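Okay, structure first, notes after.
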Amino acid sequence: MFNSNFVAIDIGSGYIKLFYQDKVYEIQTPEDSISSGVISDVGKIAEAIKALVLDKKLQNKSAVLVYNGPSVFTKVVKIPMMSETEIQNYLELEADNIVPFPAKEGVLDYIVLKKDVQTMEILAMAIKNELVIPYINVIQRSGLTPLAIDIPAMAIARKIFKEKEDGLQLVVDIGNATTDIHIYQNSIFSFSRSINIGGADFDNILSASMGIDKKVALKDRLAKNYQPMTFRGILMDLQRELNRSFDYFRYRFGNQQSSNFTKVYLIGGNSNMAELTDIITEVSGRAPQICEESKNLLVRGLGKWRLNP
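Numbering (full-length UniProt numbering), first residue to last: 1 to 309.
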């Protein structure tokens, strides 16, 4: 049963989004307060969320937030068949051998990838406390109570995969500051990477080339009011980084097939550029499906977080 009495929060570099009981509320993220998911000004973000929370009468509620930052460590671990309690005990004992930093300096969780008769594979995930604590402080200072922290790949999967899909799925999330790729095997999260190219970079290029304000550049980009060659350089950079990400995934997980994605999804507030669709089609081998509610898909998926999964 999904719990619906909490506020889901997605703190992006462009917008802060709150989801509560099937409604999305958003406010612009204060300037110079977060960069590539790393919060640099807790006070500014907390005040922005607090104002929205008070306006929508959401104060004193619990909050589940998504960690949009870097350095989420993942590792596939093969273990004997265990119960949930046994896995948790195992991770506590073996944490220092699994994660690349002292276990006491971070938080560690897992998901089950595969089960056989005698063994199972789990995906261990860890984040350093120093990266997570600013997110928690923001929630506490905004009049809400932190309930849980999720990662984008898990929140997105809850919304996209209404039923299990076989094969290899790719989700490309084009945000304001970054392009995040998430790869799933049989609808189960397997790999993520963040590329430091986002919608704001396209706006900066258009602004510089046309000598116009960045806000005007954003409007022109959304209206497709630019020359076809304007973004050639940045699109080549994005294509190269996507190829590098896919090559690394295939190397790490032992999949050397060149065109192995069975489904490709395109989401995010900047997913409507035709040039991006063309690039993703070329590098993935499949035309992407642009999801409905693409802009708010992540925070809506976060709203499906389970109290008792």
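All residues carry an ideal CB built from backbone N, CA and C; glycine is no exception. In this text the structure is predicted, and so the values were computed from the model without any measurement.
Check: Length of the line joining the Cα atoms of Y15 and M81; Outcome: 43 Å
Check: Close beta carbons around G268, own chain, < 6 Å, minus the five adjacent residues each side; Outcome: D173, I174, G175
Check: Beta-carbon gap between A208 and H182 smaller than 9 Å; Outcome: no
Check: Among M229, P100, A200, P228, the one whose alpha carbon lies nearest that of V216; Outcome: A200
Check: Delimiting residues of the alpha helix (DSSP H) encompassing Q239; Outcome: 232 to 253
Check: Reference L52; option with closest CA among K17, S62, A63; Outcome: K17
Check: The alpha helix (DSSP H) enclosing A48, as first and last residue numbers; Outcome: 42 to 55
Check: Cut-off 7 Å between Cβ atoms - residues of its own chain near F6, not counting five sequence neighbours on either side; Outcome: K61, S62, A63, V64, L147
Check: Three-way DSSP call (helix, strand, coil) for F19 in this model; Outcome: strand
Check: Whole-number beta carbon distance between V264 and I151, since they are thought to touch under 8 Å; Outcome: Contact doesn't hold; Cβ gap of about 20 Å is too wide.
Check: Contact between the stretch 135 to 143 and the stretch 229 to 243 (3+ Cβ pairs under 8 Å); Outcome: no
Check: Buried versus exposed, by CB contacts within 10 Å (16 or more), R232; Outcome: exposed
Check: Cα-Cα separation, F261 to E282; Outcome: 12 Å
Check: Host alpha helix (DSSP H) of S207 (start-end); Outcome: 199 to 210
Check: Where P288 falls, given that 16 or more other Cβ within 10 Å makes a residue buried; Outcome: buried
Check: Separation of E47 from Y25, as counted between CA atoms; Outcome: 15 Å
Check: Cβ-based burial, K219 [other Cβ within 10 Å; buried from 16]; Outcome: exposed
Check: Classification of R300 by the beta-carbon crowding that lies within 10 angstroms, buried from 16 upward; Outcome: buried
Check: A153 - containing alpha helix (DSSP H), residue span; Outcome: 152 to 160
Check: L123 beta carbon less than 9 Å from that of V77; Outcome: yes
Check: Where the alpha helix (DSSP H) through S284 begins and ends; Outcome: 274 to 284
Check: Neighbourhood of I27 by C-beta distance below 6 Å, restricted to the same chain and skipping five residues each side; Outcome: I16, A48, L52
Check: Alpha-carbon spacing of S71 relative to D96, whole angstroms; Outcome: 17 Å
Check: Sequence ranges, beta strand (DSSP E) only - wholly within the stretch 77 to 139, length at least 3; Outcome: 106 to 115, 119 to 128
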